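In our numbering, the protein residues as written are 357 to 824.
We treat Cβ as the ideally placed atom computed from N, Cα and C, and that holds for glycine.
Quick caveat, the model's predicted, so the values are computed rather than measured.
These notes are about the structure you will find just below.
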Ligand code: 9MR
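Have a look at this one:
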C-alpha cells in the first residue's frame, strides 16, 4: 500500500509538472532524506499523547520517516524527571531515547533550568540560595549524567528573559532564589556532566529583532559575556512560535530578524537552532487554502535560514499534526505541517520542495565555511556511535554517493575519486588529515571520540566516531 507521503510526493510532482516546473522528486524522498542530503536536522516533538500510547499507528510511522531529530514535549522537564526531591524518573525519556536510537535520530533534551514546570518541592527552598544551588546542580548532574552520550544537545536554560523591556525574567524560582548567575552555573554543570553535549540557551520572541530593547538584543549581549567568560554555551534555540502576519497585524517578528541574530551569533562561534516552530492563525477564523499556502511560504523562509546560514543546523517543529498541538492555549490554530487527519499541508510541500531544490553556494567548500566548520564543539550529524568501533560509522545508503565505514583505525571511503579526510577532536581542533584518498586511509590517532570529515569535490560527509 502506498504511504500518505508517497501519495503526497506524487501529488506534488503532478502539481509541479502542471505548473510547468520540471523539478520533481522521487516518490520515496522524505523531509528526512532531503534534510540528510542538505546536512541539516529536521524534526518534530514526540508529543505527550505518543508517550501515553494514544496516537494512531501512522503517527509514529510519519514521525520516523520524515524526521531525523526528536525532542520530548514535556517528558524531560524538571517536574517529569525529578518529581520529588532526589528521586528521578527516566522512564519516558528512556522510551524516547530508545526510539531515537532504533531509528537513527538525534536527540534534543528539553529543558534543565526553566521557571515553568518546576515541582512544588523546589519552591519550598525559594529563600535558601545555597540549597537551591545544590538542587539545581544535583538535578543537572543526574539528568544530563543519566543520558550522557545519548542526548546530543540540551536546552540548559529556557526562557530566562522577560518579554517587555528586556531584562531577566523575575518570576522564576531560580532567578529569585539564586540570581542571574544560576544561568552561568547551569551551563558549567551541564558541560561537566556531559562534555560532548551541545548546550543551548532557548527562548521565544527571538525573531523580533536584535536591537537592545528586543529580547534577542538583550540575549546577544549576554551571549557575548558568556563566551568572553568561557561559559560553555554552544547554541541559541529560537523557539519561533509565531503567528501568521495577516491574522495578527501587530505581530512584529520576521525571518529576516532571526537571520540577523544567526549572523551575530556566528561571530561568536555560537549556533542558531529553530527549536519549537509553529506558525498559527488566530483561533476561530476561517483558514482558506491561500492562507495555508502563505503559511507554507513562511515555513520556507524560516527554513532558508537553516539552509543558508553556516551556523544554523536545526529546524524543529512543535508538533506533527494540528490535532495534537498546544496552540489552542495561545488562542491560535492550525500552526503545524500536517492537518487533523495527519495529511500533509501546503507547508509540508513547501518545505519538501525547498529541501529538494536548495543548492549550497558554489564557494561553500572552497572557502571552508561549511556548517560543520563553524562550531568548535560541533557534535555533527548522525551519531551512530556504538561500542564496536568497526560499526561506529554507518553509511547513509542511497542519500549520497559518498560513504564511509570505519574498521578499527582504517577508514574506508566509497564514492570518492580523491577525497580529503580531516579528523577533529571534540573541541574542533584538527588532529589528522590526509589528501587524495581513494579507497582507505589509516587514521593515526589515539583512542577517543572524534569527528571525521570526508570531502570530495563538492560532496561532503561528516560523522562522529569512537576510536578504541
Ligand atoms: O507543549 C507544551 C505543553 O504541553 C505544556 O503544557 C506547556 C507547559 O508550560 O509547555 C509546552 O511546551 C513549551 C515548551 O516547553 C517551552 N516553550 C514553549 C512551549 C509551548 O508552551
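State the DSSP-derived secondary structure class of residue 731, mapped to helix, strand or coil. Caution is warranted here: a pLDDT of 37 is assigned to residue 731, below 50, making its placement in the model unreliable, and the coordinate value is therefore given only provisionally. In this structure, residue 731 counts as coil in the three-state DSSP scheme.
One question on the structure: do residue 541 and residue 534 come within less than 9 Å of each other, judged by their Cβ atoms? yes
Which residues bound the beta strand (DSSP E) around residue 630? 627–638
Taking only beta-carbon positions, decide if residue 606 is within less than 9 Å of chain D. Of the protein chains in the structure, only one exists, and it is not chain D.
Considering only residues of the same chain and omitting the five flanking positions on each side of residue 730, which have a CB-CB separation below 6 Å? Low confidence applies to residue 730: its pLDDT is 37, below 50, so where it sits in the model is not reliable, and the reading given next is rough at best. Cβ neighbours of residue 730 beyond the five flanking positions: 666 and 667.
I'd like to confirm the pairing. Which residues does DSSP put opposite residue 689 in its beta bridges? 637
Cα-Cα separation between residue 803 and residue 692, rounded to whole angstroms: 44 Å
Is there at least one non-hydrogen atom of the ligand 9MR closer than 8 Å to the beta-carbon of residue 467? yes
Quick one, are the C-beta atoms of residue 654 and residue 600 less than 9 Å apart? yes
Can you determine whether any heavy atom of the ligand 9MR sits closer than 8 Å to the C-beta of residue 433, and answer yes or no? yes
Three or more beta-carbon pairs under 8 Å between the stretch 429–443 and the stretch 498–512, yes or no? yes
Give the range of the beta strand (DSSP E) segment to which residue 672 is assigned. 668–673
Under 8 Å from any heavy atom of the ligand 9MR, does the C-beta of residue 806 make it? no
Give me, in chain order, the residues of the same chain whose beta-carbon lies closer than 8 Å to that of residue 684; leave out the 5 immediate sequence neighbours on both sides. 639
Round the Cβ separation of residue 429 and residue 452 to the nearest angstrom and send it over; I've been treating them as touching at under 8 Å. At roughly 10 Å, the Cβ-Cβ gap does not stay under 8 Å, so residue 429 and residue 452 are not in contact.
9 Å Cβ cutoff met for residue 650 and residue 707: no
Keeping to the same chain, check which residues put their C-beta closer than 8 Å to that of residue 794; ignore five residues upstream and five downstream. 769, 772, 773, 774 and 775
Any heavy atom of the ligand 9MR inside 8 Å of the beta-carbon of residue 761? no
Identify, in the order they occur along the chain, each residue of the same chain with its Cβ nearer than 6 Å to the Cβ of residue 519, setting aside the five sequence neighbours on each side. none
Please report the Cβ distance between residue 592 and residue 626, rounded to the nearest whole angstrom; I am assuming they are in contact, meaning their Cβ atoms lie under 8 Å. 6 Å
Looking only at DSSP bridge pairs, what is residue 470 linked to? 514
What is the DSSP secondary structure of residue 590, counted as helix, strand or coil? coil
Coarse secondary structure for residue 399, derived from DSSP in three states: strand
Tell me which residues share the same chain as residue 461 and place their Cβ nearer than 8 Å to its Cβ, disregarding the 5 neighbours each side in the sequence. 399, 420, 423, 424, 425, 426 and 455
Given that a residue counts as buried once 16 or more other Cβ atoms are within 10 Å of its Cβ, and exposed if not, what is residue 465? buried
Please work out which residues of its chain come closer than 8 Å, Cβ to Cβ, to residue 566, disregarding the five sequence neighbours upstream and downstream, and give them in chain order. 572, 573, 576, 613, 616, 617 and 620
Would you kindly work out how many angstroms separate the C-alpha atoms of residue 813 and residue 508, rounded to a whole number? 29 Å
Could you check if residue 560 belongs to the surroundings of the ligand 9MR, using beta carbon to heavy atom distance under 8 Å? yes
Every unbroken beta strand (DSSP E) within the stretch 533–604, with a cutoff of 3 residues, ordered by chain: 554–559, 591–594 and 597–599
Does the Cβ-Cβ distance between residue 658 and residue 596 come in under 9 Å? yes
Could you check whether the Cβ of residue 515 sits closer than 8 Å to any heavy atom belonging to the ligand 9MR? yes
Can you give me the Cβ contacts of residue 545 inside the same chain, cut-off strictly under 7 Å, excluding the 5 residues immediately before and after it? 493, 496 and 497
Completely contained beta strand (DSSP E) runs for the stretch 424–487, where each covers 3 or more residues: 425–428 and 462–470
Does the Cβ of residue 399 lie closer than 8 Å to at least one heavy atom of the ligand 9MR? no
Can residue 628 be considered in contact with the ligand 9MR, in the sense that its beta carbon sits closer than 8 Å to one or more heavy atoms? no
Have a look at 414, 800 and 622 and flag the residue whose alpha-carbon is nearest the alpha-carbon of residue 696. 414
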